[in-house]
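K.L.:
The structure under discussion is supplied below as structure tokens; questions concerning it will follow.
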Amino acid sequence: GAGKLWGGRFAGGPSPELEALSRSTHFDWRLGLYDIGGSHAHAKALAAAGLLSPEEEAELHRGLDVLAERFAQGTLVPDPSDEDVHGALERLLIEEVGPDIGGKIRAGRSRNDQIATLFRWYLLDHSLTVGALLLDLVDALAGQAEQHLGPPGIGTVMPGRTHLQHAQPVLLSHHLLAHAWALLRDVDRLADWRRRVESDSPYGSGALAGQSLGLDPELVARELNFTGSTANSIDGTASRDFVSEFAFVAAQVGVDISRIAEEVILWATKEFGFVTLHDSWSTGSSIMPQKKNPDISELARGKAGRLVGNLTGLLTTLKALPLAYNRDLQEDKEPVFDSIDTLEVLLPAFTGQVATLTFNADRMAELAPQGFSLATDIAEWLVRQGVPFRVAHEVAGACVRECEELGIELHELSDEQFAAISPTLTPEVRAVLTVEGSVASRDGRGGTAPVRVGEQLGELRARVAGA
Ligand code: ARG
739 GAGKLWGGRF AGGPSPELEA LSRSTHFDWR LGLYDIGGSH AHAKALAAAG
789 LLSPEEEAEL HRGLDVLAER FAQGTLVPDP SDEDVHGALE RLLIEEVGPD
839 IGGKIRAGRS RNDQIATLFR WYLLDHSLTV GALLLDLVDA LAGQAEQHLG
889 PPGIGTVMPG RTHLQHAQPV LLSHHLLAHA WALLRDVDRL ADWRRRVESD
939 SPYGSGALAG QSLGLDPELV ARELNFTGST ANSIDGTASR DFVSEFAFVA
989 AQVGVDISRI AEEVILWATK EFGFVTLHDS WSTGSSIMPQ KKNPDISELA
1039 RGKAGRLVGN LTGLLTTLKA LPLAYNRDLQ EDKEPVFDSI DTLEVLLPAF
1089 TGQVATLTFN ADRMAELAPQ GFSLATDIAE WLVRQGVPFR VAHEVAGACV
1139 RECEELGIEL HELSDEQFAA ISPTLTPEVR AVLTVEGSVA SRDGRGGTAP
1189 VRVGEQLGEL RARVAGA
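Under this note's numbering, residue 1205 is the last one in the sequence shown; the count climbs by one each step, no gaps.
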């Protein structure tokens, strides 16, 4: 067609089949304002190099402003004959300012360096959005943790698990904060990713080798709010590790959230009975009137698979791709756009669900000592009495065996039964046979003792404030 960017050496137009395959406007149109921003900066670089008169430059900026306004209003649309957002916007600019001036904008740039820059810029923007949404979820977890930390008493206790079996009692707050720390590391990962990407504007790399027109890539970088421009034009146009790394962080977020989701789903079952979901953040069944379903958590669990798939697809596209630009790279956008869209719709819903969970503290407290979860406390009490841990472990194990035979819990053993198992088991051992005593005794840094969890919450909040 007449608007093509590369018609000169071709006798005939592209076949409709090729056009259908090649077209990317249905997904790269979302980069429209970024493309226009890039053209504003490029026009400045062209003017600074003496390739545009001040009048020509002003006319280009005016035309670009008109396009941006129409784009924002949603009235700027690609034509079916447009290959991609870059070609479409050049065509539209020429329609606005005429071919003599509009025809000058393409000098010294290629869609290869354009897309490499605009895609970085778009991801930089969305890394901030996703980061803020993650901090909202961290806040919701911290809010629940604070609420369940007491006063009064020691706060809400629960059975801590390993292998999904009762292991040792812990504070619910401690458990919830474990998820919060994982999410905070994801926020950190985004910030770390940003530091690498924001100093690496590839505009000026041309198709692969740079440009010969005296344009200043640093000027363009500054205009686009990057802190620097790319050092190697081949790397600038051919590398996509900034995409796969972003997709990795998105996948890790998905995986981290899926672990919370799985627990919420379990906790909401009749068998656990640990949580009640808020009506506004759960769903019903079309046939079973009594149902209340944890759909948000199930969707979170499901979307984690999709986020991992997007990362896997990207890495597979990049594998063994020779330098420099190859059209394969057009496949880099949809997966990561999807990861962003997924997180931007998932995180607010997930945060709302977490913030409105009601925990059944009595149920969790009742289960916390069951399954002989205080056996380690007996062993560690014996160690404090000077018994070697190897022996202490045996003795505490013998207590469990005895209880299993009698069908009772550890604290229900009589003084005589304790003494018969081992003379080292004096009645004083009862002090550690309460959930409160057990939890309070784990008072080293990072432990589940209420005083430590209180400190931990403060530490987390300070990190959130600095993020
Ligand atoms: N639409 C392409 C992409 O997304 C950018 C244009 C590069 N095309 C080309 N034929 N060199 O990667």
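Ideal Cβ positions, reconstructed from N, Cα and C, are used throughout, including at glycine.
Distance, Cα to Cα, A740 vs D817?
P.N.:
Here residue 740 is taken as the residue at index 2 of the sequence shown, counted from 1. Here residue 817 is taken as the residue at index 79 of the sequence shown, counted from 1. Legend: pLDDT at A740 = 49, less than 50; position of this residue unreliable, no value from coordinates given.
K.L.:
Which whole-angstrom value describes the C-beta separation of F1088 and A1038, a residue pair presumed to lie in contact below a C-beta threshold of 8 Å?
P.N.:
For the purposes of this step, residue 1088 is taken as residue 350 along the sequence shown, with counting starting at 1. For the purposes of this step, residue 1038 is taken as residue 300 along the sequence shown, with counting starting at 1. With 8 Å as the limit, F1088 and A1038 qualify as a contact, their Cβ atoms being about 5 Å apart.
K.L.:
Report yes if the CB atom of T975 is closer than 8 Å to the CB atom of L953, and no otherwise.
P.N.:
Numbered from its first residue, the sequence shown carries residue 975 at position 237. Numbered from its first residue, the sequence shown carries residue 953 at position 215. Cβ atoms of T975 and L953: not closer than 8 Å.
K.L.:
Assuming contact is defined by CB atoms lying nearer than 8 Å, are D851 and G944 in contact in what I supplied?
P.N.:
Counting from one through the sequence shown, the residue named residue 851 turns up at place 113. Counting from one through the sequence shown, the residue named residue 944 turns up at place 206. Cβ distance < 8 Å, so D851 and G944 count as in contact.
K.L.:
Among R808, H780, R1180, T1050, which has the Cα closest to the Cα of G840?
P.N.:
What you label residue 840 is simply residue 102 of the sequence shown in a count that begins at 1. The residue with the shortest Cα to Cα distance from G840 is H780.
K.L.:
From what residue to what residue does the alpha helix (DSSP H) around L909 run?
P.N.:
Position 171 of the sequence shown, counting from 1, holds the residue named residue 909. Element bounds for L909: not the alpha helix (DSSP H) but the beta strand (DSSP E), 903-909.
K.L.:
Go ahead and label P1032 buried or exposed: buried means 16 or more other beta carbons lie within 10 angstroms of its beta carbon, across all protein chains shown.
P.N.:
On the sequence shown, position 294 is the one that residue 1032 refers to. Buried is the call here.
K.L.:
If you check the beta carbons only, do R978 and L1067 fall under 8 Å apart?
P.N.:
Residue numbering aside, residue 978 sits at position 240 when the sequence shown is read from its first letter. Residue numbering aside, residue 1067 sits at position 329 when the sequence shown is read from its first letter. Yes. Within cutoff.
K.L.:
If you draw a straight line from the C-alpha of A1203 to the C-alpha of S967, how long is it?
P.N.:
Mapped onto the sequence shown, residue 1203 falls at position 465. Mapped onto the sequence shown, residue 967 falls at position 229. Those two C-alpha atoms are separated by around 31 Å.
K.L.:
Am I right that L915 and Q1194 are in contact with their C-beta atoms under 8 Å? What's the rounded C-beta distance?
P.N.:
Counted from its first residue, the sequence shown places residue 915 at position 177. Counted from its first residue, the sequence shown places residue 1194 at position 456. With 8 Å as the limit, L915 and Q1194 qualify as a contact, their Cβ atoms being about 6 Å apart.
K.L.:
Taking V1170 and S1179 to be in contact with their CB atoms under 8 Å, please state how far apart those CB atoms are, rounded to whole angstroms.
P.N.:
As a working note, residue 1170 is residue 432 in the sequence shown. As a working note, residue 1179 is residue 441 in the sequence shown. Correct: roughly 7 Å between the Cβ atoms.
K.L.:
List in chain order: all unbroken alpha helix (DSSP H) runs of 4+ residues lying wholly within the region 741-788.
P.N.:
Entirely contained in the region 741-788, the alpha helix (DSSP H) runs reaching 4 residues are, in chain order, 754-760, 763-766, 770-786.
K.L.:
Can you find the residues in the same chain that come closer than 7 Å, C-beta to C-beta, to R1201, ignoring five residues on each side of it along the sequence?
P.N.:
Reading the sequence shown from its first residue, position 463 is the one you call residue 1201. Answer for R1201: L922, listed in chain order.
K.L.:
Where DSSP assigns a beta bridge to G1014, which residues make up the other side?
P.N.:
Start at 1 with the first residue of the sequence shown, and residue 1014 comes out as number 276. According to the sequence displayed, residue 1014 carries Thr and not Gly. BP columns for T1014 point to T1096.
K.L.:
Just to check my reading of the structure: G750 and F809 have Cβ atoms closer than 8 Å, yes? What is that Cβ distance to the nearest angstrom?
P.N.:
Here the question's residue 750 lines up with position 12 in the sequence shown. Here the question's residue 809 lines up with position 71 in the sequence shown. That pair is no contact at about 32 Å.
K.L.:
For L1198, which option in E884, G846, A796, L1052 has the closest C-alpha, if you only look at C-alpha atoms?
P.N.:
To locate residue 1198, count along the sequence shown from 1; it is residue 460. Taking only the C-alpha atoms, the option nearest L1198 is E884.
K.L.:
Starting from the Cα of D822, find the closest Cα among I892, Q903, P897, S848 and give me that residue.
P.N.:
Taking the first residue of the sequence shown as position 1, residue 822 is located at position 84. Answer by Cα proximity: S848.
K.L.:
Any idea what DSSP makes of R829, helix, strand or coil?
P.N.:
Taking the first residue of the sequence shown as position 1, residue 829 is located at position 91. It is helical.
K.L.:
Does ligand 1 have a heavy atom nearer than 7 Å to the CB of Y1063?
P.N.:
To locate residue 1063, count along the sequence shown from 1; it is residue 325. True, at least one ligand heavy atom lies under 7 Å from that Cβ.
K.L.:
If you check the beta carbons only, do S865 and W931 fall under 8 Å apart?
P.N.:
The residue labelled residue 865 in the question sits at position 127 within the sequence shown. The residue labelled residue 931 in the question sits at position 193 within the sequence shown. Cβ atoms of S865 and W931: closer than 8 Å.
K.L.:
May I ask whether a heavy atom of ligand 1 can be found less than 7 Å away from the beta carbon of R849?
P.N.:
Position 111 of the sequence shown, counted from the start, is the residue given in the question as residue 849. Within the cutoff, so yes.
K.L.:
Helix, strand or coil for G1192, going by three-state DSSP, please let me know.
P.N.:
As a working note, residue 1192 is residue 454 in the sequence shown. Three-state DSSP puts G1192 in a helix.
K.L.:
Are there any heavy atoms of ligand 1 lying less than 7 Å away from the beta-carbon of I853, as far as the coordinates show?
P.N.:
The residue you call residue 853 lines up with position 115 of the sequence shown. Yes; taking the cut-off as 7 Å, the Cβ of I853 has a heavy atom of ligand 1 nearer than that.
K.L.:
From the DSSP output, in three-state form, read off M896 for me.
P.N.:
Looking up residue 896 in the sequence shown gives position 158. In the structure shown, M896 sits in a strand (DSSP, three-state: E or B).
K.L.:
Nearest to L1081 by CA position, among I832, P897, E1143, L871, is which residue?
P.N.:
Taking the first residue of the sequence shown as position 1, residue 1081 is located at position 343. Per the Cα distances, L871.
K.L.:
For ligand 2, is there any heavy atom lying closer than 7 Å to the beta carbon of D994?
P.N.:
This structure lacks ligand 2; the ligands present are ligand 1.
K.L.:
Counting along the chain, where does the alpha helix (DSSP H) carrying T1114 start and finish?
P.N.:
Position 376 of the sequence shown, counted from the first residue, corresponds to residue 1114. Start and end: 1113-1122.
K.L.:
Rounded to the nearest angstrom, what separates A1157 and D994 at their Cα positions?
P.N.:
Looking up residue 1157 in the sequence shown gives position 419. Looking up residue 994 in the sequence shown gives position 256. The straight-line gap from Cα to Cα measures roughly 47 Å.
K.L.:
Report the start-end ranges of each alpha helix (DSSP H) in the region 828-868 that is 4 residues or longer and not cut off at the edges.
P.N.:
Qualifying alpha helix (DSSP H) stretches, in chain order: 837-840.
K.L.:
Quick check on this structure: which residue in P1165, T1172, S753 has the alpha carbon closest to the alpha carbon of A1103?
P.N.:
Here residue 1103 refers to the residue found at position 365 of the sequence shown. Of P1165, T1172, S753, the residue nearest in Cα terms is T1172.
K.L.:
What residues are listed by DSSP as bridge partners for N1031?
P.N.:
Numbered from 1 along the sequence shown, position 293 holds the residue referred to as residue 1031. Paired residues: T1021.
K.L.:
By Cβ distance below 6 Å, which residues in the same chain neighbour G846 in space, the five residues on each side in sequence not counted?
P.N.:
In the sequence shown, the residue the question calls residue 846 occupies position 108. The answer, listed in chain order, is Q949, L951, L953.
K.L.:
For the alpha helix (DSSP H) that R808 lies in, which residues bound it at each end?
P.N.:
Within the sequence shown, the letter at position 70 stands for residue 808. That run of the alpha helix (DSSP H) goes 792-811.
K.L.:
With a cut-off of 8 Å on the beta carbons, I'd call H912 and T1186 a contact; round off their distance for me.
P.N.:
Start at 1 with the first residue of the sequence shown, and residue 912 comes out as number 174. Start at 1 with the first residue of the sequence shown, and residue 1186 comes out as number 448. That belief holds up - the Cβ atoms of H912 and T1186 are roughly 4 Å apart, short of 8 Å.
K.L.:
How many Å lie between G881 and I774 at the Cα?
P.N.:
Taking the first residue of the sequence shown as 1, we reach residue 881 at position 143. Taking the first residue of the sequence shown as 1, we reach residue 774 at position 36. In a straight line, the C-alpha of G881 is about 42 Å away from that of I774.
K.L.:
Is S1152 helix, strand or coil by DSSP?
P.N.:
For this step, residue 1152 is matched to residue 414 along the sequence shown. Correct three-state label for S1152: coil.
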